[in-house]
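Enquirer: Numbering (the numbering used here), first residue to last: 1 to 215. Pasting in a structure now, in structure tokens, and then I'll have a few things to ask.
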Ligand code: AMP
């Protein structure tokens with residue numbers, strides 16, 4: 001099973017990927033996570049990507065497609081994959097087709113999380129994660145059960161993404177509208193797109209995704 005989760009920043013792709021990884025033993029491939037790791041490790045890719053990401057622009061197609069290609073090459077071909085935040089342009093969609101073919105994989109579902117953009121700024125600027133295990137939280141919608149303590153691992157250290165500020169978020173949304181939303185017709189033509197209401201609660205969206213995977 002290979003699926004793409006599509007939707008603007010803050011639509012819930014990361015949160016829902018984590019659920020799918022847990023419930024369906026799939027692997028999440030998030031180019032955003034890979035790029036943040038590269039920035040942190042100050043690799044050549046990280047050094048090139050850092051300023052681009054801080055502005056909320058898109059990193060080059062070549063860089064992100066080679067990150068995905070390398071990850072898939074290192075993975076058993078029968079492990080199910082959730083593509084989170086990739087592809088984001090038509091060129092990336094074309095590369096993904098080629099990479100999947102090299103590994104004898106096919107795309108089963110493209111799931112678009114539909115959201116109201118005005119609500120997204122609040123969603124994104126309120127989100128944070130555990131600095132130790134990466135569990136995702138939100139100031140009002142999904143705070144830890146005990147304030148200041150991670151539910152999953154007990155750590156008391158949390159972090160916020162530097163690109164989760166309002167100006168950058170608005171640019172990231174504009175990039176989504178201009179470059180990512182136009183790839184949906186490619187997958188619509190193949191009859192593999194399902195649209196899910198991303199404004200529903202986390203557990204309702206999880207249920208909807210589980211139903212799609214079971215179909
Ligand atoms: P994300 O964690 O998916 O929101 O990605 C954070 C940032 O990483 C984006 O705003 C882009 O700057 C960069 N990025 C992540 N994935 C891609 C991609 N597939 N293509 C280009 N840039 C990306």
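Heads up, the beta-carbon is just placed ideally off N, CA and C, and yes, glycines get one too.
Can residue 170 be considered in contact with ligand 1, in the sense that its beta carbon sits closer than 7 Å to one or more heavy atoms?
Expert: Locating residue 170 in the chain shown gives position 170, counting from the first residue. Because no heavy atom of ligand 1 lies under 7 Å away, the Cβ of residue 170 does not count as near it: no.
Enquirer: Can you name the residues that DSSP bridges to residue 6?
Expert: On the chain shown, residue 6 is found 6 positions in, with the first residue counted as 1. For residue 6, which the question treats as bridged, DSSP gives the partners 112.
Enquirer: Pick helix, strand or coil for residue 19, following the three-state DSSP scheme.
Expert: Mapped onto the chain shown, residue 19 falls at position 19. Residue state, collapsed to three classes: helix.
Enquirer: Could you spell out the range, first to last residue, of the alpha helix (DSSP H) harbouring residue 42?
Expert: Your numbering for residue 42 matches position 42 in the chain shown. Segment: none, residue 42 is in no alpha helix (DSSP H) and carries neither H nor E.
Enquirer: Between which two residues does the beta strand (DSSP E) holding residue 72 run?
Expert: For the purposes of this step, residue 72 is taken as residue 72 along the chain shown, with counting starting at 1. No beta strand (DSSP E) contains residue 72, which is instead part of the alpha helix (DSSP H) from 61 to 73.
Enquirer: Going straight from the alpha carbon of residue 51 to that of residue 170, what length do you get?
Expert: Here residue 51 is taken as the residue at index 51 of the chain shown, counted from 1. Here residue 170 is taken as the residue at index 170 of the chain shown, counted from 1. Going from the Cα of residue 51 to the Cα of residue 170 covers about 16 Å.
Enquirer: If we ignore side chains and look at the alpha-carbon of each, how far apart do residue 114 and residue 203 end up?
Expert: Taking the chain shown and counting its residues from 1, the one referred to as residue 114 is at position 114. Taking the chain shown and counting its residues from 1, the one referred to as residue 203 is at position 203. So the alpha carbons of these two residues sit roughly 15 Å apart.
Enquirer: Please classify residue 14: is it buried, with 16 or more other beta-carbons within 10 angstroms of its beta-carbon, or exposed?
Expert: Translated into the one-based positions of the chain shown, residue 14 becomes position 14. Its Cβ being crowded by 16 or more others within 10 Å, residue 14 is buried.
Enquirer: Is residue 30 near ligand 1, going by C-beta to nearest heavy atom under 7 Å?
Expert: Walking along the chain shown from the start, residue 30 turns up at place 30. Within the cutoff, so yes.
Enquirer: Please identify the residue among 4, 9 and 1 whose C-alpha is closest to the C-alpha of residue 176.
Expert: Indexing the chain shown from 1 puts residue 176 at position 176. Residue 176 has its Cα closest to that of 9, out of 4, 9 and 1.
Enquirer: How is residue 50 classed by DSSP in three states: helix, strand or coil?
Expert: Counting from one through the chain shown, the residue named residue 50 turns up at place 50. It is helical.
Enquirer: Just checking, does the segment 35 to 51 make contact with the segment 87 to 99 on the three C-beta pairs under 8 Å criterion?
Expert: No: fewer than three Cβ pairs fall under 8 Å.
Enquirer: Compute the minimum distance between the beta carbon of residue 53 and the heavy atoms of ligand 1, and state whether it is under 7 Å.
Expert: Counted from its first residue, the chain shown places residue 53 at position 53. Yes, Cβ of residue 53 sits closer than 7 Å to a heavy atom of ligand 1.
Enquirer: Just to confirm, are residue 64 and residue 187 a CB contact at a threshold of 8 Å?
Expert: Here the question's residue 64 lines up with position 64 in the chain shown. Here the question's residue 187 lines up with position 187 in the chain shown. No; because the gap between Cβ atoms is not below 8 Å, this pair is not in contact.
Enquirer: Residue 41: buried (16+ other C-beta within 10 angstroms of its C-beta) or exposed?
Expert: Mapped onto the chain shown, residue 41 falls at position 41. The residue in question, residue 41, is exposed, as its Cβ has fewer than 16 Cβ neighbours within 10 Å.
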